Amino acid sequence: MRRTRTLAGVGIAAVALLALTACNSGSPTTPGGDTGGGEEGDKPLYEVAESVTLDGSPAYDAMVERGGPIIGVKEDQPNLGYLDVTTGERSGFDIEIARWIAASLGFEESDITYEPIASANREQALVNGDIDYYVGTYSITDSRKEQIEFAGPYFVTGQGFLVSADSEMTEVNDVSDFNGMTVCSATGSTPISNIKENYPEINTEEYDIYSQCVDDLLNGKVDAVTTDAAILIGYAAQDADNLKVLDGLFTEERYGVGIPKGDTALVEHINTLFTEGGDTWQAIFDSTLGQSGIEVEQPAVDPVG
Ligand code: GLU
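The numbering used here puts the first residue of the sequence shown at 2, with every later residue one more than the last.
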């Protein structure tokens, strides 16, 4: 079954990745430029669409009126949603997915405004109309669907654990292996909810963003960071001397694009893009997350999120 293989693939790849980082600078891959559309060699990964019409989408109408989309993103997650503060360049799988969607709506990279939004604030940003859509390791859940729509899924991963490279642990058999220890995650995320609701004997530390958890792990203040394996692999890749991802995945995290409630025209537009754009998805994946050795397949779009 595709799902099982996908999750197992991430776990195995985590190990492969750690081996790979020895000969890699560890810096996130950057396929995109400021010209609109990531590039693979000389060939753009996707073209900016011309003569776009999208009836019945308030978010699209707002983008047109403004002259470009405001996209909610993460910026501290290497290979997914990352901002290089020295160059000002954004990179990663989620950033490229966000750019691909913008291009499909007729917008250039220079038309896009990126808005960093932490896990806990995503639904509210969409409800308030502060952003037109959100692309940032955003799991599709029933409770979130009460407030917003999701297009996708466009990626599937699972909850994993990041520990100090000198930890004696190599794998997690059950999340309860961390009973009595302190694990850190982001406020408002599915992994922190899973721990708090189902594992009362695990102590928790929370921050708005995962990189603060990673700092605490490096400083010995927490025993592990827990969130999606795809995110943790990025942190381990940046600092393989000090960090490692344990084998073992829990939960299924299906990433969707967050859309304002009721904007089904935009949901359908993005779902069609994902369904018909398998080659582009693959090219985006290969030039971002795939660089770290992860092997996954594009999940099928679910019309009801
Ligand atoms: N995918 C999980 C979530 O949406 C964890 C990653 C994140 O916080 O963005 O809650």
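We put the CB at the ideal spot given by N, CA and C, even for glycine. Here the structure is a predicted model, which means the values were calculated and not measured.
Exposure of residue i, with buried meaning 16 or more beta-carbon neighbours within 10 Å
i: residue 296; result: exposed
i: residue 78; result: buried
i: residue 141; result: buried
i: residue 100; result: buried
i: residue 197; result: exposed
i: residue 89; result: exposed
i: residue 145; result: buried
i: residue 220; result: exposed
i: residue 37; result: For residue 37, the predicted model reports a pLDDT of 45, less than 50, meaning its position is unreliable; a value from the coordinates is still stated below. Per the 10 Å Cβ criterion, buried.
i: residue 192; result: buried
i: residue 160; result: buried
i: residue 176; result: buried
i: residue 201; result: exposed
Near the ligand GLU: residue i beta-carbon under 6 Å from a heavy atom
i: residue 131; result: no
i: residue 187; result: yes
i: residue 273; result: no
i: residue 139; result: yes
i: residue 90; result: no
i: residue 191; result: yes
i: residue 143; result: no
i: residue 254; result: yes
i: residue 120; result: yes
i: residue 229; result: yes
Pairwise C-alpha distance: residue j and residue i
i: residue 205; j: residue 184; result: 5 Å
i: residue 236; j: residue 165; result: 11 Å
i: residue 322; j: residue 122; result: Since the first residue shown for the chain is 2 and the last is 306, residue 322 is missing from the structure and cannot be characterised.
i: residue 103; j: residue 168; result: 43 Å
i: residue 211; j: residue 74; result: 14 Å
i: residue 247; j: residue 63; result: 44 Å
i: residue 130; j: residue 261; result: 7 Å
i: residue 207; j: residue 53; result: 43 Å
i: residue 276; j: residue 301; result: 7 Å
i: residue 66; j: residue 190; result: 33 Å
Between the segment 265 to 279 and the segment 180 to 193, do at least 3 Cβ pairs fall closer than 8 Å?
-> As far as the Cβ criterion goes, the segment 265 to 279 does not touch the segment 180 to 193, which means the pair count is below three.
So does the segment 209 to 228 actually touch the segment 91 to 110, counting three or more Cβ pairs closer than 8 Å?
-> no
Touching by the beta-carbon criterion (3+ pairs, under 8 Å), the segment 230 to 245 and the segment 275 to 294 = yes
Given 8 Å as the limit, is there contact between the segment 149 to 161 and the segment 114 to 121, that is, 3 or more CB pairs closer than that?
-> no
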